[in-house]
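Enquirer: Quick one: the structure is below, questions incoming.
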Amino acid sequence: MTTDNFRPDTGAQVQDAIAWAVSAETPLELISRGSKRDVGRPVQVAHTLDLSALSGVGLYEPEELICQAGPGTPVAEIESMLAESRQMLAFEPMDLGPLLGGEAGQGSIGGVFAANLAGPRRIKAGAARDHLLGFTAVTGRGETVKSGGRVVKNVTGYDLSKIVCGSWGTLAALTDLTFKVLPAPEVETTLVIHGLDDDAAVRLMSAALGSPHEVSSAAHLPIGIGAGDIAGPATCIRLEGFGPSVAARAEALEGELAGFGGTMGAVDGYLSRDLWRAVRDVEPLTAPLDRPVWRLSVPPMAGPSVVLAIRSAVEGVEYYYDWAGGLIWLAVPAEPDAHASIVRGAVAGTASGHATLVRADEAVRAAVPVFQPQATGLAALNARIKNSFDPLGVLNPGRMTAGG
Amino acid sequence: MKMPEPDGAVLARRGEIVAALRAIVPGEGVIADDREMRPYESDGLTAYRQLPMVVVLPETTAQVAAILKYCQANGIKVVPRGSGTSLSGGALPLADGVLLGLGKFNRILDIDYANRTVTAQPGVTNLGITHAVQDRGFYYAPDPSSQIACSIGGNVAENSGGVHCLKYGLTTNNVLGVELVTIDGEILRLGGKHLDSEGYDLLGLLTGSEGLLAVVTEVTVRILRKPATARALLVGFGSSEEAGACVAAVVGAGIIPGGMEMMDGLAINAAEDFVHAGYPRDAGALLIVELDGPEVEVDFLIERVRAIAEAHGATSLRISQNEDERNAFWAGRKAAFPAVGRISPDYYCMDGTIPRRQLPEILSRMARMSEQYGLRVANVFHAGDGNLHPLILFDANEPGELEKAEAFGSDILRACVELGGVLTGEHGVGVEKRDLMGTMFSEIDLAQQQRLKCAWDPDGLLNPGKVFPTLHRCAELGRMHIQRGQLPFPDLPRF
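Put into structure tokens, the structure is as follows:
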């Protein structure tokens, strides 16, 4: 077997490479800059299709709120370019590098969308899927397709941007992306309430999100967990925007949340930014690197009961909440199954949700479903979607599920 | 508009089909009388009319599942319908099809303030959701102008927008979960009260799929706390170019208004004649900029926008001092369509989107087309996101004018695509823009979209004749043309 690893410079060359894979019925591992290569089930194939050379910003129009770039463009490069025009990727994509034992700042914009990343601002601004306006990609049929456009308001045809976001390279190789950018807030302030237990914290976060004060993020660090300069137990409520507005909202919210107990403080400027970057990138649970890390998405108010169910069955669990309780990051002691049945059993006890094993040894990720297993009907539909893009299974086979 | 050829064999079995549907939905839930079916013969795009073979109005998800299962087993086409307000003919019936109306699914099932969600049946109106939660200060953000009548299920089907979507997003950004029924009668759930999908984002794919993939029987949306306050500026400009430059400057200054609407001279005067909102009649373009949020922020930003508008040559500028005045500013805009209806026997509303900076170009092209076709056009835009609603004025009683208006409309949409925009910003493709899909998408692009339909509906029974200009069999679409034995491409970079 040859050991060709392709590193195309153009979309046409991507099409050539996939057309060859189809003709040879030989699967490819799709990577861009490789910072998230260790997420998902291990892909064991002989050939790699590396999209990192499809790099560079083709178009950035601050007044139109759009940016277009190749999938291999470093996110860091895009974010610093946007910052010069006081703009940002509003969904605040997390950087998985350090959590996975790599360096920070290595991710690509293609990876951000393929993984549908988001950060603490998810609850206000949405995830990557809410910001991809259009794309060009080569499907597993070796065909170049485009979808969407370069305008925000567009309902022409199916919204394929949604289906490629979070598909982890199993449907198509993205060759060009157009996405929405937004003005960056002028200032930010974070109210920090010390001393609450999980239940009280989630109730407080619910009240904050239910207020008219436009909270953009809400996280709770339990006792023993620290992020940035803040040590838990700490419930953190972020307010962003124009100076006078943030000041007025912080003051009003402080009053409204006083009844929940705890000790109220506040941080702003770089202290606030450091805190939310740490929350975003799972810094509190990064070390030691040999612990499996789970990411749970549940109804916000269900967060504490899910954590309680897991902690009563597993010793030595560390965790914290983002998204007002709806996102739980959880580190468990290393076990061959990463405590999957306990974690997923706890999620199943809520109205709805899912658990993803974001970090684990390769052997564990090969043995345990990394992504939440789906009920039969839904799994079959997902398999038909995969088949519609990639009937021979040449793109990242097995990365999301054992069958596809 | 050519619709799929009615299937004679199905039509011949009509009596039997009606009886089978009556066995599933007893009582008055099956309508087979021509006169009683008349209200269902068209939707908001009234130029197209077609009586369905039969109308069925189920009340439970189990009935929907049984109907779809029966229709698939018997090769019968199904057209889903919410409130019937589609402006693109998305709910236009088929002569040999079952019209599946979801109007009886009209209950709110769950209001969860702590998690900030509402779960409703698909026939609940868009505004009905806000009404259910407004006493606690909450609302549902997407606000299509038909919100008093349009259903939340229809909003999911069309990915509806509205005046406030620049800041608060479209339906797709505000839906958390659905219960749906596939054509084979299987009931599935996507999402719930949590965020993001565990597998492929099928909820995102379903939203805006125009009733071609599945029938939605329950919808969970996120609700937001109503902004503390809202104020609006009413700004006149000499020309649409100047108004457009002001819009770009507002966004460039980091301000995302709750709403930002533009009207041209013809629309301004039609609206003023109709509602007397105090619009400047001599202005070439009028901008309504609404800022919402905390009072301090709104007051602060109003001044910033005022300064920008004045620097961009505003010829008149008013700032709302109270709710009555703010509503008066909006009254003309909200009445713009009926106002135009008063100055012309008929009008045809278009819905293209362009990159905003192309506004002067599209306007001058429209002016040329207007002269060429001999039909007037009034313009109303969602200025913040470049979504145009040109209203073409015509008289359907004049022979050939409807066809002329349609041709004019198609030319406008082609121009939108040429300028980097799209065919439809919020009304959907439906039957109306179906045959223009080729201006935006290649055969390969459209084939891939249709393969996705095949993944849900392998026999093409759900709403056929909409969205796609050419129908292909799924077996044909699935075929691969593999040339075996090719060598890896020699000029492809390796490492």
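Chains A and B, in that order, give the protein sequences.
Residues in the first sequence are numbered from 2 upward in steps of one, following my numbering.
Residues in the second sequence are numbered from 95 upward in steps of one, following my numbering.
Idealized CB from N, CA, C, for every residue including glycine.
Counting pairs of beta carbons, one from the stretch 90 to 109 of chain A and one from the stretch 198 to 214 of chain A, are three or more of them closer than 8 angstroms?
Expert: Too few Cβ pairs lie closer than 8 angstroms, so no.
Enquirer: Would you mind giving the Cβ-Cβ distance between B:F423 and B:L360, rounded to the nearest angstrom? I have them listed as a contact below 8 angstroms.
Expert: Here the question's residue 423 of chain B lines up with position 329 in the second sequence. Here the question's residue 360 of chain B lines up with position 266 in the second sequence. Incorrect: roughly 19 angstroms between the Cβ atoms, too far for contact.
Enquirer: For B:Y262, return the contacting residues in chain A, with the cut-off set at a CB-CB distance below 7 angstroms.
Expert: Working through the second sequence from its first residue, we reach residue 262 of chain B at position 168. Chain A residues near B:Y262: none, gap ~10 angstroms exceeds 7 angstroms.
Enquirer: Could you give the DSSP three-state label for A:S217: helix, strand or coil?
Expert: Taking the first sequence and counting its residues from 1, one reaches residue 217 of chain A at position 216. In the structure shown, A:S217 sits in a strand (DSSP, three-state: E or B).
Enquirer: Given a limit of 9 angstroms on CB to CB distance, which residues of the stretch 275 to 292 of chain B reach chain A?
Expert: Per Cβ criterion, the list reads T276, E280, I281, L282, R283, L284, G285, G286, K287, H288, L289, D290, S291, E292.
Enquirer: Could you name the residues that DSSP lists as bridge partners for A:K181?
Expert: As a position in the first sequence, residue 181 of chain A is number 180, starting the count at 1. Answer by DSSP bridge pairing, in chain order: A:I67.
Enquirer: Could you pull out every unbroken beta strand (DSSP E) segment of at least 3 residues lying fully inside the stretch 362 to 418 of chain B, listed in chain order?
Expert: Qualifying beta strand (DSSP E) stretches, in chain order: 379 to 387, 410 to 413.
Enquirer: A:V58 touches chain B at which residues, Cβ-Cβ below 7 angstroms?
Expert: Mapped onto the first sequence, residue 58 of chain A falls at position 57. None at all; the shortest Cβ gap to chain B is about 17 angstroms.
Enquirer: With 8 angstroms as the threshold, decide whether the Cβ of A:E78 is near any Cβ in chain B.
Expert: The residue given as residue 78 of chain A occupies position 77 in the first sequence. False, the Cβ-Cβ gap to chain B never drops below 8 angstroms.
Enquirer: With a threshold of 8 angstroms between beta carbons, is A:M2 in contact with chain B?
Expert: Translated into positions along the first sequence, residue 2 of chain A becomes position 1. In this prediction, A:M2 scores a pLDDT of 42, lower than 50, which makes its location untrustworthy; the coordinate-derived value is nonetheless stated afterwards. Taking Cβ atoms only, chain B never reaches closer than 8 angstroms to A:M2, which makes this a no.
Enquirer: I want to verify the contact list: residues of chain B whose CB lies under 8 angstroms from the CB of A:C68, in sequence order.
Expert: As a first step, residue 68 of chain A must be located in the first sequence, where it is residue number 67. The contacting residues do not exist; A:C68 stays about 13 angstroms from chain B at best.
Enquirer: Could you pull out every unbroken beta strand (DSSP E) segment of at least 3 residues lying fully inside the stretch 57 to 101 of chain A, listed in chain order?
Expert: Runs of the beta strand (DSSP E) inside the stretch 57 to 101 of chain A: 58 to 62, 67 to 70.
Enquirer: What residue range is occupied by the uninterrupted alpha helix (DSSP H) comprising B:D489?
Expert: Numbered from 1 along the second sequence, position 395 holds the residue referred to as residue 489 of chain B. B:D489 -> no alpha helix (DSSP H), and no H or E assigned at all.
Enquirer: Per the DSSP calculation, A:W330 is bridged to which residue(s)?
Expert: Residue numbering aside, residue 330 of chain A sits at position 329 when the first sequence is read from its first letter. For A:W330, which the question treats as bridged, DSSP gives the partners A:R296, A:Y321.
Enquirer: Below 8 angstroms on the Cβ atoms is my guess for A:L396 versus A:L172; work out the distance and round it to an integer in Å.
Expert: Position 395 of the first sequence, counted from the start, is the residue given in the question as residue 396 of chain A. Position 171 of the first sequence, counted from the start, is the residue given in the question as residue 172 of chain A. The pair is a contact, with the Cβ atoms about 7 angstroms apart (cut-off 8 angstroms).
Enquirer: Which of the three DSSP states, helix, strand or coil, is assigned to A:F114?
Expert: Here residue 114 of chain A refers to the residue found at position 113 of the first sequence. A:F114: helix per DSSP, three-state reduction.
Enquirer: In chain B, which residues lie less than 8 angstroms from A:T176 when you measure between Cβ atoms?
Expert: Taking the first sequence and counting its residues from 1, the one referred to as residue 176 of chain A is at position 175. The contacting residues do not exist; A:T176 stays about 14 angstroms from chain B at best.
Enquirer: For B:C443, name the three-state secondary structure that DSSP assigns.
Expert: Residue mapping note: residue 443 of chain B aligns to position 349 of the second sequence, counting from 1. In this structure, B:C443 counts as strand in the three-state DSSP scheme.
Enquirer: Please tell me whether B:V390 has its Cβ less than 8 angstroms away from any Cβ of chain A.
Expert: Taking the first residue of the second sequence as position 1, residue 390 of chain B is located at position 296. Closer than 8 angstroms to some Cβ of chain A, the Cβ of B:V390 qualifies, so yes.
Enquirer: Please confirm whether B:Y207 has its beta-carbon closer than 8 angstroms to some beta-carbon of chain A.
Expert: What you label residue 207 of chain B is simply residue 113 of the second sequence in a count that begins at 1. So, interface residue.
Enquirer: Per DSSP, A:S148 forms a beta bridge with which residues?
Expert: In the first sequence, counting from the first residue as 1, residue 148 of chain A sits at position 147. Per DSSP, A:F136.
Enquirer: Which residues of chain A have a Cβ atom closer than 8 angstroms to the Cβ of B:H476, listed in chain order?
Expert: Residue mapping note: residue 476 of chain B aligns to position 382 of the second sequence, counting from 1. Result: K154.
Enquirer: Taking C-alpha atoms, which residue in B:A430, B:R175, B:G255, B:A189 lies nearest to B:T311?
Expert: For the purposes of this step, residue 311 of chain B is taken as the residue at position 217 of the second sequence. Looking at the Cα atoms, B:R175 is the closest of the given residues.
Enquirer: Which same chain residues, not among the five before or five after A:T3, have their C-beta less than 7 angstroms away from its C-beta?
Expert: Locating residue 3 of chain A in the first sequence gives position 2, counting from the first residue. Below a pLDDT of 50, predicted positions are generally treated as unreliable, and A:T3, at 47, falls in that range; the measurement from the model is reported next regardless. Nothing meets the Cβ criterion.
Enquirer: Can you tell which of B:R400, B:V269, B:R573 has its C-alpha closest to the C-alpha of B:Q544?
Expert: Here residue 544 of chain B refers to the residue found at position 450 when the second sequence is read from its first residue. For B:Q544, the nearest C-alpha among the options comes from B:R573.
Enquirer: Runs of 3 residues minimum, wholly inside the stretch 123 to 154 of chain B: which ones carry the beta strand (DSSP E) assignment?
Expert: Within the stretch 123 to 154 of chain B, the complete beta strand (DSSP E) runs of at least 3 residues are 148 to 150.
Enquirer: Could you tell me the alpha carbon to alpha carbon distance between B:M601 and B:I506, rounded to whole angstroms?
Expert: Since the first and last residues shown for chain B are 95 and 589, residue 601 of chain B lies out of range.
Enquirer: Buried or exposed, going by whether 16 or more other CB atoms sit within 10 Å of the CB of B:N481?
Expert: Here residue 481 of chain B refers to the residue found at position 387 when the second sequence is read from its first residue. Counting Cβ neighbours within 10 Å, B:N481 comes out buried, since at least 16 surround it.
Enquirer: Name, in chain order, the residues that DSSP records as bridge partners for B:Y262.
Expert: Looking up residue 262 of chain B in the second sequence gives position 168. The partner list for B:Y262 (beta bridge, DSSP) is empty, contrary to what the question assumes.
Enquirer: Following the continuous alpha helix (DSSP H) through B:R436, name the residue where it begins and the one where it ends.
Expert: Taking the first residue of the second sequence as position 1, residue 436 of chain B is located at position 342. Taken as a continuous stretch (DSSP letters only), the alpha helix (DSSP H) holding B:R436 covers 430 to 437.
Enquirer: For A:A251, does the three-state DSSP call read helix, strand or coil?
Expert: Taking the first sequence and counting its residues from 1, one reaches residue 251 of chain A at position 250. Looking at A:A251 - three-state DSSP - the assignment turns out to be helix.
Enquirer: DSSP has B:P174 in a bridge; who is on the other side?
Expert: By one-based count along the second sequence, residue 174 of chain B stands at place 80. Beta-bridge pairing links B:P174 to B:L194.
Enquirer: Output, in sequence order along the chain, the residues in the stretch 121 to 141 of chain A whose CB is closer than 7 angstroms to any CB in chain B.
Expert: Of all residues in the stretch 121 to 141 of chain A, R123, G127, A128, R130, D131, T140 have a Cβ within less than 7 angstroms of some Cβ in chain B.
Enquirer: In chain order, what are the residue ranges of uninterrupted beta strand (DSSP E) at least 3 long that sit wholly in the stretch 211 to 279 of chain B?
Expert: DSSP runs (the beta strand (DSSP E)) wholly in the stretch 211 to 279 of chain B: 211 to 214, 269 to 275.
Enquirer: Taking Cβ-Cβ distances shorter than 7 angstroms, what residues in chain B pair up with A:G211?
Expert: As a position in the first sequence, residue 211 of chain A is number 210, starting the count at 1. Here the neighbours are Y207, R210, R319.
Enquirer: Which residues bound the beta strand (DSSP E) around B:T533?
Expert: In the second sequence, residue 533 of chain B corresponds to position 439, counting from 1. Counting along the chain, B:T533 falls outside any beta strand (DSSP E), though it belongs to the alpha helix (DSSP H) covering 531 to 534.
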